[in-house]
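Q: Numbering (this note's numbering), first residue to last: 32 to 425.
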Ligand code: PLP
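#1: By how many angstroms is the C-alpha of residue 418 removed from the C-alpha of residue 171?
#2: Specify, as a first and last residue, the run of the alpha helix (DSSP H) that residue 60 falls within.
#3: Tell me the residue span of the beta strand (DSSP E) that contains residue 177.
#4: Residues around ligand 1, please: the condition is that the C-beta lies closer than 6 Å to some non-hydrogen atom of it.
#5: Are the CB atoms of residue 416 and residue 347 within a distance shorter than 8 Å?
#6: Would you call the CB atoms of residue 372 and residue 388 closer than 8 Å?
#7: DSSP three-state call for residue 473: helix, strand or coil?
#8: Are the beta-carbon atoms belonging to residue 427 and residue 136 less than 8 Å from one another?
#9: DSSP three-state call for residue 425: helix, strand or coil?
#10: Which residues in the same chain have their Cβ closer than 6 Å to the Cβ of residue 423, if we skip the five residues on either side of it in sequence?
#11: Under 8 Å: do the stretch 154-169 and the stretch 198-212 share three or more Cβ pairs, one atom per stretch?
#12: Quick check: the Cα distance between residue 149 and residue 377, rounded to an integer number of angstroms?
#13: Between which two residues does the alpha helix (DSSP H) containing residue 312 stretch?
#14: Measuring CA to CA, which of 384, 399, 255 is closest to residue 63?
#15: By the DSSP assignment, the beta strand (DSSP E) with residue 400 in it spans what residues?
#16: Are the stretch 258-275 and the stretch 235-250 touching, with three or more C-beta to C-beta distances below 8 Å?
#17: DSSP three-state label for residue 202, please.
#18: By Cβ distance below 8 Å, which residues in the same chain neighbour residue 97 in space, the five residues on each side in sequence not counted?
#19: Of the choices 58, 101, 124, 75, whose alpha-carbon is the least far from that of residue 265?
#20: Can you give the Cα-Cα distance for residue 232 and residue 238, rounded to whole angstroms?
#21: Along the chain, where does the alpha helix (DSSP H) that runs through residue 89 open and close?
#22: State the start and end residues of the unbroken beta strand (DSSP E) segment that holds residue 157.
#23: Mark residue 95 as exposed unless 16 or more other C-beta atoms lie within 10 angstroms of its C-beta, in which case mark it buried.
#24: Mind checking residue 43: buried by the 16 CB within 10 Å criterion, or exposed?
#25: Using 8 Å as the threshold, is the C-beta distance between residue 201 and residue 147 below it?
#26: Per DSSP, what kind of secondary structure is residue 376 in: helix, strand or coil?
#27: Ignore the nearest five residues each way along the sequence and tell me which others in residue 406's own chain have a CB closer than 8 Å to its CB.
#28: Since residue 142 is in the alpha helix (DSSP H), which residue starts that stretch and which ends it?
#29: Buried or exposed for residue 311, going by 16 or more other Cβ atoms inside 10 Å?
#30: Quick one: residues in its chain with C-beta nearer than 8 Å to the C-beta of residue 151, no 5 flanking neighbours on either side, listed in chain order?
#31: In chain order, what residues of the same chain lie with their CB nearer than 6 Å to the CB of residue 413, ignoring the 5 residues before and after it?
#32: Can you check DSSP and say which residues form a bridge with residue 132?
#33: Measuring straight from C-alpha to C-alpha, what distance separates residue 404 and residue 353?
#34: Should residue 37 be labelled buried (16 or more other beta-carbon atoms within 10 Å of its own) or exposed?
#35: Determine, using beta-carbon pairs with one atom in the stretch 299-307 and one in the stretch 101-121, whether at least three such pairs fall under 8 Å.
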């Protein structure tokens with residue numbers, strides 16, 4: 032068998048391990064007494080429009096077509112609906128011929144990385160970063176290098192990027208709003224990053240692709256804007272997912288948008304189609320392609336996450352924990368009061384608080400708290416957080 036695949040299959044992710052522990056613990060002490068903040072599974076239901084679209088699609092019509100294969104890159108009408116949404120929302124030229132429907136952001140990323148990387152090339156990203164990036168980059172034959180972020184803001188360290196870019200750099204992978212920091216990269220940062228990449232493309236005489244991983248685009252608070260990267264940098268691929276915005280993670284639906292302004296955009300799109308083919312990601316789930324086409328621009332009730340963020344941030348800060356206030360996603364990335372975040376998570380377990388150490392996100396000394404749970408659960412967890420803080424003398 033393939034030893035790399037065996038290694039990946041036999042080693043469960045830390046997040047999953049904690050999640051499984053939480054289930055076992057809930058069986059012992061009751062689910063209401065376990066505060067599981069491990070998993071980024073949306074807690075708000077999909078908007079009613081999703082259920083209505085499913086019901087309408089299942090009522091009458093041609094069921095064979097509904098459940099049948101779509102064209103490999105996705106149903107044309109679906110891609111046209113998404114292209115229209117992109118044009119309207121971002122005033123950016125988009126058409127169906129540059130969209131490829133996929134199974135969520137994970138497939139979008141694996142396909143995009145495989146489309147742009149050649150064996151031995153490098154993908155750069157910034158820590159903290161989504162734990163699966165390394166696996167996805169290596170599947171594409173590339174190597175992932177994580178660069179530091181500014182610890183005061185968790186914004187990308189652009190000096191580190193400048194030093195790391197080389198003729199071997201195939202892609203820079205950005206995730207904003209960020210998992211796990213919740214930080215949103217503002218326009219100033221994006222402009223500087225785009226200028227740097229454009230300069231290096233010229234210097235090296237090769238494209239450096241910007242891959243924008245944005246499943247949390249609509250999960251932002253306090254009116255914060257998330258810049259649309261294709262508007263700032265031509266060689267961009269957007270990896271979008273409806274997992275978080277429409278609360279559909281189990282339905283595996285999203286898309287890749289290849290900027291028509293990318294150099295050799297048509298060839299790049301064909302490379303995406305080729306990678307989708309090679310990896311077996313053709314014909315994304317047909318029913319849910321059609322559902323999302325009818326729900327463009329909609330989200331679940333994001334205000335619940337905002338309420339959770341405000342409650343948790345205020346409480347944890349008052350107990351003495353330190354954290355960069357997040358503007359988006361549904362995570363707090365809290366500094367561990369002791370150097371070893373794993374030890375901190377073990378102590379938190381004594382209070383039935385299940386947190387994830389930052390080590391796997393490339394950032395030791397921090398923990399991630401996924402606050403996509405009910406506001407009642409947040410409220411009930413606060414005394415446990417307070418006791419945890421006191422146990423450190425905070
Ligand atoms: N990228 C980031 C930053 C994520 O947080 C996640 C999931 O949590 C993914 C990608 C994968 O998303 P999907 O479930 O749409 O495959």
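Don't be surprised by glycine CBs; every beta carbon is placed ideally from N, CA and C.
A: This is what the structure holds:
#1: Their backbone Cα atoms lie some 45 Å apart in a straight line.
#2: Looking at the DSSP string, the run of the alpha helix (DSSP H) that includes residue 60 is 45-60.
#3: For residue 177, the enclosing beta strand (DSSP E) stretches over residues 174-178.
#4: Put simply, the residues with a CB less than 6 Å from any heavy atom of ligand 1 are 71, 135, 136, 137, 161, 206, 210, 244, 246, 272, 274, 280, 285, in chain order.
#5: Yes, they are a contact pair.
#6: One thing to note: residue 372 has its Cβ within 8 Å of the Cβ of residue 388.
#7: As shown, the chain starts at 32 and ends at 425. That puts residue 473 outside it, with no answer to give.
#8: Any answer about residue 427 is impossible in this case: the structure gives the chain only from 32 up to 425.
#9: The answer is coil: DSSP assigns residue 425 none of H, G, I, E or B.
#10: Excluding sequence neighbours, residue 423 sits near 368.
#11: Contact holds: three or more Cβ-Cβ distances are below 8 Å.
#12: Answer to the nearest angstrom: the Cα atoms are 41 Å apart.
#13: No alpha helix (DSSP H) contains residue 312, which DSSP labels as neither H nor E.
#14: Selected option, being the one with the closest Cα: 384.
#15: Judged by DSSP secondary structure, residue 400 falls within the beta strand (DSSP E) whose first and last residues are 397-401.
#16: Contact holds: three or more Cβ-Cβ distances are below 8 Å.
#17: In the three-state reduction of the DSSP assignment, residue 202 falls in the strand class, which pools E and B.
#18: Short of 8 Å from the beta carbon of residue 97, and not among the five residues preceding or following it, lie these beta carbons of its own chain, in chain order: 88, 89, 317, 318, 321.
#19: Checked all of 58, 101, 124, 75; the closest Cα to residue 265 is 124.
#20: Distance between residue 232 and residue 238, taken at the CA atoms: about 6 Å.
#21: Where residue 89 is concerned, the enclosing alpha helix (DSSP H) stretches over 79-89.
#22: Per DSSP, residue 157 belongs to the beta strand (DSSP E) from 153-157.
#23: It counts as exposed.
#24: Residue 43 is exposed by the Cβ-count criterion.
#25: Contact: yes.
#26: If DSSP states are grouped into helix, strand and coil, residue 376 belongs with the helices.
#27: For residue 406, where only same-chain residues beyond five positions count, the Cβ hits under 8 Å are 335, 338, 339, 342.
#28: Looking at the DSSP string, the run of the alpha helix (DSSP H) that includes residue 142 is 135-147.
#29: Burial check for residue 311: the Cβ neighbour count within 10 Å stays below 16, so the residue is exposed.
#30: By the criterion of a C-beta distance shorter than 8 Å, residue 151 is surrounded in its chain by 172, 173, 174, 199, once the five residues flanking it on both sides are discounted.
#31: If we look at residue 413 and ignore the five residues flanking it on each side, its Cβ neighbours are 346.
#32: DSSP, once it has assigned bridges, lists 286 as partnering residue 132.
#33: Taking the straight line joining both Cα atoms gives about 21 Å.
#34: The residue in question, residue 37, is exposed, as its Cβ has fewer than 16 Cβ neighbours within 10 Å.
#35: Segments in contact, yes.
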